[in-house]
Amino acid sequence: MIIPGRVALARKVLTNLTSAEHQAQPCGIDLTLKCIMNTTAGTSLSLNGSTQTPDATIEFPHEHVNITCGSYLVEFNELVDMPLDLMSQVLVRSSLFRSGVLINAGVMDSGYRGAVGAMLQVVNPHGLRLLRDAKLAQIVFHQMREPVQGYNGMYQGRTFV
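So the sequence shown is numbered by numbering that gives the first Met the number 0: it starts at 0 and just counts up by one.
Structural data, given as structure tokens:
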């Protein structure tokens, strides 16, 4: 079952919103851009997790930044505190995919607390102009059949992606 955005807000699943009134949607809550980073080197993956590479933050010289085709890591302003009876997914806003831009993210497990991020992939050959605090994605919350033990991994409690 999908949890309406207003219900998720009332349950305080998402905090640090820039404007709850403008971000609440019928089926979720819009996520807004905090920062954008590009990867500076490769990554190695293993059974126990990944060895992450440092990311370089792309600065906003003005109220916007122009980015070219490629893959970027975005961090959203909002923080989550997932109850043990909910899980969530981050989905692209239709205005982005109509512009040749995709958002990809994994499942957000029950019990996870912390920062929210996603991969932003610009496939439009003309690039993308991003404004500070732009709405990039929507987080959708799903009711679990029963409460679970919850996430207890290496990203728990992080305040940054």
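Cβ atoms here follow ideal geometry from the backbone N, Cα and C, with glycine treated the same way. Being a predicted model, the structure only gives us computed values, none of them experimental.
Beta-carbon proximity of residue i to residue j, cut-off 9 Å
| i | j | result |
| --- | --- | --- |
| V12 | V73 | no |
| M36 | Y71 | yes |
| D84 | V147 | yes |
| G156 | P124 | no |
| R112 | L78 | yes |
| R144 | P82 | no |
| V122 | C68 | yes |
| Q120 | L135 | no |
Status (buried if at least 16 other CB within 10 Å, exposed otherwise) for residue i
| i | result |
| --- | --- |
| T31 | buried |
| M153 | exposed |
| I1 | exposed |
| L130 | exposed |
| V91 | buried |
| V89 | buried |
| G4 | buried |
| Q22 | buried |
| D29 | buried |
| A104 | buried |
| G27 | buried |
| Q137 | buried |
Any chain B beta carbon closer than 9 Å to residue i
| i | result |
| --- | --- |
| K134 | Although the question refers to chain B, the structure presented lacks it and comprises just one protein chain. |
Residue range of the alpha helix (DSSP H) that includes residue i
| i | result |
| --- | --- |
| G4 | 4 to 9 |
| S87 | Taken as a continuous stretch (DSSP letters only), S87 belongs to no alpha helix (DSSP H), being part of the beta strand (DSSP E) at 85 to 91. |
Rounded distance between the beta-carbons of residue j and residue i, thought under 8 Å
| i | j | result |
| --- | --- | --- |
| Y150 | S109 | 7 Å |
| V115 | F75 | 5 Å |
| T17 | D132 | 5 Å |
Enclosing beta strand (DSSP E) for residue i [first to last residue]
| i | result |
| --- | --- |
| A114 | 112 to 121 |
| R128 | 127 to 130 |
| N103 | 100 to 103 |
| A133 | Element bounds for A133: n/a, residue is neither H nor E. |
Residue i beta carbon near the ligand ZN (any heavy atom closer than 8 Å)
| i | result |
| --- | --- |
| R92 | Although the ligand ZN was asked about, the structure shown includes no ligands whatsoever. |
Enumerated in chain order, which unbroken segments of the alpha helix (DSSP H) with a length of 4 residues or greater are wholly contained in the stretch 13 to 76? With a minimum length of 4 residues, the continuous alpha helix (DSSP H) runs that stay inside the stretch 13 to 76 are 19 to 22.
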